[in-house]
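**Q**
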Amino acid sequence: MAAANNDSLVLETPAEVVDARPGSRLMRPVEFFSAVLLVVVIGLLLTGVVSRYVLSLPIVWIDEAASISFLWLAMLGSAIAIDRNEHLRLTLFLGLLPERYRAFVGTLALVIVATVILALIMPAVEYVQEEWFVTSAALNIPMSYRASALVVGLVLMFVLAVGHAVRESTLPHLAAAVVLVAALGLVGWLLSPFFLSLGYLNILIFLVLVVALCLLAGVPIAFCFGMGTIAFILFSTHVPVIVLIGRIDEGMSSLILLSVPIFVLLGCVLDATGMGKAIVEFMASLLGHVKAGMSYVLLGSLFLVSGISGSKVSDMATVAPALFPEMKRRGHKPSEMIALLATGAAMADTVPPSIVLIVLGSVAGVSIAGLFTSGFVIAMVLLVVLAVLARIKAARENMEGVRRAPLGVVVKTLVIAAPALVLPFLIRGAVGGGIATATEVSTIAVLYAIVIGIVLYGGIGLRKFYDMLVETAALSGAILLILGTASAMAWSLTQTGFANQLATYMTDLPGGWFSFMLVSIVVFLVLGCVLEGLPAIVLMAPIMFPIAARLGINDIHYSMVIVTAMNIGLMAPPIGIGFYIACKIGGVSPDEAMKAIWPYLGALIVGLLLIAAIPALSTAYL
1428 MAAANNDSLV LETPAEVVDA RPGSRLMRPV EFFSAVLLVV VIGLLLTGVV
1478 SRYVLSLPIV WIDEAASISF LWLAMLGSAI AIDRNEHLRL TLFLGLLPER
1528 YRAFVGTLAL VIVATVILAL IMPAVEYVQE EWFVTSAALN IPMSYRASAL
1578 VVGLVLMFVL AVGHAVREST LPHLAAAVVL VAALGLVGWL LSPFFLSLGY
1628 LNILIFLVLV VALCLLAGVP IAFCFGMGTI AFILFSTHVP VIVLIGRIDE
1678 GMSSLILLSV PIFVLLGCVL DATGMGKAIV EFMASLLGHV KAGMSYVLLG
1728 SLFLVSGISG SKVSDMATVA PALFPEMKRR GHKPSEMIAL LATGAAMADT
1778 VPPSIVLIVL GSVAGVSIAG LFTSGFVIAM VLLVVLAVLA RIKAARENME
1828 GVRRAPLGVV VKTLVIAAPA LVLPFLIRGA VGGGIATATE VSTIAVLYAI
1878 VIGIVLYGGI GLRKFYDMLV ETAALSGAIL LILGTASAMA WSLTQTGFAN
1928 QLATYMTDLP GGWFSFMLVS IVVFLVLGCV LEGLPAIVLM APIMFPIAAR
1978 LGINDIHYSM VIVTAMNIGL MAPPIGIGFY IACKIGGVSP DEAMKAIWPY
2028 LGALIVGLLL IAAIPALSTA YL
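What the sequence shown shows, in my numbering, is residues 1428 to 2049, in sequence order.
#1: Is it right to say residue 1565 is buried, meaning 16 or more other beta carbons lie within 10 angstroms of its own, or is it exposed?
#2: For the alpha helix (DSSP H) holding residue 1560, just list the boundary residues, first then last.
#3: Contact between the region 1611-1631 and the region 1561-1581 is defined here as three or more beta-carbon pairs at a separation below 8 Å; is this criterion met?
#4: Excluding the five sequence neighbours on either side, which residues of its own chain have a C-beta within less than 6 Å of the C-beta of residue 1858, listed in chain order?
#5: Could you give the distance in angstroms between the alpha-carbon of residue 1830 and the alpha-carbon of residue 1584?
#6: Of the residues 1968, 1790, 1466, 1823, which one's Cα is nearest the Cα of residue 1756?
#7: Mapping DSSP to helix, strand and coil, what is residue 1667?
#8: Alpha carbon to alpha carbon, what distance is there between residue 1542 and residue 1660?
#9: So residue 1490 is in the alpha helix (DSSP H); what residue range does that whole segment cover?
#10: Give a yes or no on whether the C-beta atoms belonging to residue 1587 and residue 1764 are separated by under 9 Å.
#11: Rank 1971, 1787, 1880 by C-alpha distance to the C-alpha of residue 1929 and give the top, closest one.
#12: State yes or no: is the C-beta of residue 2021 within less than 9 Å of the C-beta of residue 2001?
#13: By the DSSP assignment, the alpha helix (DSSP H) with residue 2042 in it spans what residues?
#14: Counting Cβ pairs, one atom from each stretch, are 3 or more of them under 8 Å apart for the region 1537-1557 and the region 1665-1683?
#15: What are the residues that DSSP puts in a beta bridge with residue 1890?
#16: Tell me, please, whether the CB atom of residue 1461 is closer than 9 Å to any CB atom in chain D?
#17: DSSP three-state call for residue 1516: helix, strand or coil?
#18: Rounded to whole angstroms, what is the Cα-Cα separation between residue 1819 and residue 1691?
#19: Alpha carbon to alpha carbon, how far is residue 1903 from residue 1850? Give it in angstroms, no decimals.
#20: So, residue 1848 versus residue 1688, is the Cβ gap smaller than 9 Å?
#21: Between the region 1503-1517 and the region 1647-1655, do three or more beta carbon pairs fall short of 8 Å?
#22: Confirm, please, whether the CB-CB distance from residue 1955 to residue 1761 is below 9 Å.
#23: Within this structure, are the beta carbons of residue 1554 and residue 1742 separated by less than 9 Å?
#24: Taking 8 Å as the limit between beta carbons, can you name the residues of its chain near residue 1961, skipping five residues before and five after?
#25: Where does the unbroken alpha helix (DSSP H) through residue 1820 begin, and where does it stop?
#26: Which class does residue 1569 belong to by DSSP, given the choice of helix, strand or coil?
#27: Within the continuous alpha helix (DSSP H) that includes residue 2008, where are the two ends?
#28: Residue 1534 and residue 1604 look like a contact to me (Cβ under 8 Å); what is the Cβ gap, rounded to whole Å?
#29: Tell me whether residue 1459 is buried or exposed, calling it buried when 16 or more other Cβ atoms sit within 10 Å of its Cβ.
#30: For residue 1778 and residue 1944, I'd like the C-alpha separation in whole angstroms.
Structure (structure tokens):
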């Protein structure tokens, strides 16, 4: 998961990063410290694995030390993302604005970011003061040493956001944006008695409308949630903002989430070493000679590579350049290739190791081992559905000059790819078999990939590896801040009692559990288009999973349905951002590809309905 240097896109998440830039010199010490923290976290976790499974001497303080380091990594990474303009945001609607308005809206977005951060700084200071009286169980140190990361990170982000606003905006635009935000804040404060009387309507005003307007303005997703939640708390409740700090801390620093930056780094290592490319070449030598063979290779490669990197966009960027030239030679239309690429990547979040599945397990309390096992099977269902359609589409494929690869070539590519092929099965087997947690497996996988990459795939230079550490810190920080603010927003939503009202209504839907499934599919299809997987999961899981349980729906089954629905929404034009990224990777006009993708999306919908209607597809192998 890394930002493409020149293409303004982000790997692992479909939200675009526009005008990404190299880090400033003043942030070099922060970047260095973040890189060191990431190495420390990995080192601590590896030490814990060795001591527990090899020496049978678990070290009790490792989890605490890793948790402290993790929160500091997340907050400093968020600051680096501000500096590099790599916080995840939607830009589709911003690009539709006339040029004369775009600059002002960009300035307004920066002012909103600075406002959100400023509103959180003093409550974060209070939170640190309160944490001074809480002592950690193993290390026996005040928890304020850990909580201080929130203050340091917020202050750094505020300074950087203000600096960007001053440098990149004209004085009239900056003054107008500040006045507008201040005026809206004053109006909200003056109307707070009125808002207090509105009840559930405040959810629509603040947690829907305000968040939606911020998204349209290109405000980074984390700060959209932050602005909506802060406004909701300040203007329509008597809850102190310090409560939100606790929810943000809880949402972005769960020990389960420790695997997020490590799997991000794993994706970077695999891209740098060419291990994903080796898998693609092996698949091509094995299946490339049959009718629709290259389509099968594309789908199979996405399936296998996603099981290593956990990054759908990284998967597309690895597979497309290796296969598209030969597919064009065989008569495949570029639009059809993009359609297959995008919909094939839609199964990535169900193939372990999936960061979305890890976050879902953390938020909803679902077994990650069960999710990994089921996700593999569900991805196979989607793979088969797409493969059938690809075969139908390839009826007129030009097979002239195509020959079966000699056995020697197949064996050679297999030998080269074998070390990489081991990795996805190592990850799935260890987690699914209950041998190790997702976090422990992620550290083993990173170490394995680095060693194998050095020994067999040409290695990684120290400078390159350092850059990967910093990039991992930035992108992980951006992701984790989204999880933190989304958690705060989800908590605010549940505290209103709205969740209980919604549960009562949806439980009584005619048609029982399957009607609820259909409603869930529609909801998460829409959320997948707009928000993508991680924030949607954090927002909706606390509401929807209790309803599913009340209706007797297995939590693994329900997880597979909503994750699949979100992935389809992600690739669905005209809003799904993943679709546009696939077009960018393949160099095809979105207008051209849009006409070709609907049959493939239809095939995925068929697969989704099968998954929803047949629980055994998700649960039979648990």
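Glycine included, every Cβ here is placed at the ideal spot set by N, Cα and C.
**A** Walking through what the data contain:
#1: Taking the first residue of the sequence shown as 1, we reach residue 1565 at position 138. Classification for residue 1565: exposed.
#2: The residue labelled residue 1560 in the question sits at position 133 within the sequence shown. That residue, residue 1560, is in no alpha helix (DSSP H); it is neither H nor E in DSSP.
#3: Too few Cβ pairs lie closer than 8 Å, so no.
#4: Sequence index remark: in the sequence shown, residue 1858 carries index 431 (1-based). Contacts found: 1796, 1799, 1865, 1868.
#5: Position 403 of the sequence shown, counted from the first residue, corresponds to residue 1830. Position 157 of the sequence shown, counted from the first residue, corresponds to residue 1584. Going by the C-alpha atoms only, they are around 57 Å apart.
#6: Mapped onto the sequence shown, residue 1756 falls at position 329. By alpha-carbon distance to residue 1756, the top candidate from 1968, 1790, 1466, 1823 is 1823.
#7: The sequence position of residue 1667 within the sequence shown is 240, counting from 1. Coil.
#8: Taking the sequence shown and counting its residues from 1, the one referred to as residue 1660 is at position 233. Taking the sequence shown and counting its residues from 1, the one referred to as residue 1542 is at position 115. Approximately 15 Å, taken between the alpha carbons.
#9: Within the sequence shown, residue 1490 is the residue found at index 63, counting from 1. Where residue 1490 is concerned, the enclosing alpha helix (DSSP H) stretches over 1489-1511.
#10: Along the sequence shown, read from residue 1 onward, the residue named residue 1587 stands at position 160. Along the sequence shown, read from residue 1 onward, the residue named residue 1764 stands at position 337. Not in contact: residue 1587 and residue 1764 (Cβ atoms no closer than 9 Å).
#11: For the purposes of this step, residue 1929 is taken as residue 502 along the sequence shown, with counting starting at 1. The shortest C-alpha separation from residue 1929 is found at 1971.
#12: Position 594 of the sequence shown holds residue 2021. Position 574 of the sequence shown holds residue 2001. In contact: residue 2021 and residue 2001 (Cβ atoms closer than 9 Å).
#13: In the sequence shown, residue 2042 corresponds to position 615, counting from 1. For residue 2042, there is no enclosing alpha helix (DSSP H), as DSSP marks it with neither H nor E.
#14: Yes, the region 1537-1557 is in contact with the region 1665-1683.
#15: Start at 1 with the first residue of the sequence shown, and residue 1890 comes out as number 463. Under DSSP, residue 1890 takes part in no beta bridge, so it has no partner.
#16: Note that chain D does not occur in the displayed structure, where there is just one protein chain.
#17: Position 89 of the sequence shown, counting from 1, holds the residue named residue 1516. Residue state, collapsed to three classes: strand.
#18: On the sequence shown, residue 1819 is found 392 positions in, with the first residue counted as 1. On the sequence shown, residue 1691 is found 264 positions in, with the first residue counted as 1. If you draw a straight line from the Cα of residue 1819 to the Cα of residue 1691, it is about 36 Å long.
#19: Counting from 1 along the sequence shown, the entry for residue 1850 is found at position 423. Counting from 1 along the sequence shown, the entry for residue 1903 is found at position 476. Their Cα atoms are separated by approximately 22 Å.
#20: Mapped onto the sequence shown, residue 1848 falls at position 421. Mapped onto the sequence shown, residue 1688 falls at position 261. No, Cβ-Cβ distance for residue 1848 and residue 1688 is not below 9 Å.
#21: These segments touch.
#22: Position 334 of the sequence shown, counted from the start, is the residue given in the question as residue 1761. Position 528 of the sequence shown, counted from the start, is the residue given in the question as residue 1955. Result no, Cβ atoms of residue 1761 and residue 1955 do not sit closer than 9 Å.
#23: In the sequence shown, residue 1554 corresponds to position 127, counting from 1. In the sequence shown, residue 1742 corresponds to position 315, counting from 1. With contacts defined by Cβ atoms closer than 9 Å, residue 1554 and residue 1742 do not form a contacting pair.
#24: What you label residue 1961 is simply residue 534 of the sequence shown in a count that begins at 1. Sequence-distant Cβ neighbours of residue 1961 in its own chain, meaning closer than 8 Å and more than five residues away, are 1440, 1782, 1783, 1786, 1906, 1909, 1910, 1913.
#25: For the purposes of this step, residue 1820 is taken as the residue at position 393 of the sequence shown. 1795-1820 is the extent of the alpha helix (DSSP H) around residue 1820.
#26: In the sequence shown, residue 1569 corresponds to position 142, counting from 1. Three-state DSSP puts residue 1569 in a strand.
#27: Residue numbering aside, residue 2008 sits at position 581 when the sequence shown is read from its first letter. It spans 2004-2013 - the alpha helix (DSSP H) in which residue 2008 sits, taken as one unbroken run.
#28: On the sequence shown, position 107 is the one that residue 1534 refers to. On the sequence shown, position 177 is the one that residue 1604 refers to. A Cβ-Cβ distance of about 5 Å is found for the pair residue 1534 and residue 1604, placing them in contact under the 8 Å criterion.
#29: For this step, residue 1459 is matched to residue 32 along the sequence shown. Under a 10 Å Cβ-count criterion, residue 1459 is classified as exposed, with fewer than 16 other Cβ atoms of the shown protein chains found around its own Cβ.
#30: For the purposes of this step, residue 1778 is taken as the residue at position 351 of the sequence shown. For the purposes of this step, residue 1944 is taken as the residue at position 517 of the sequence shown. Straight-line Cα distance between these residues: approximately 22 Å.
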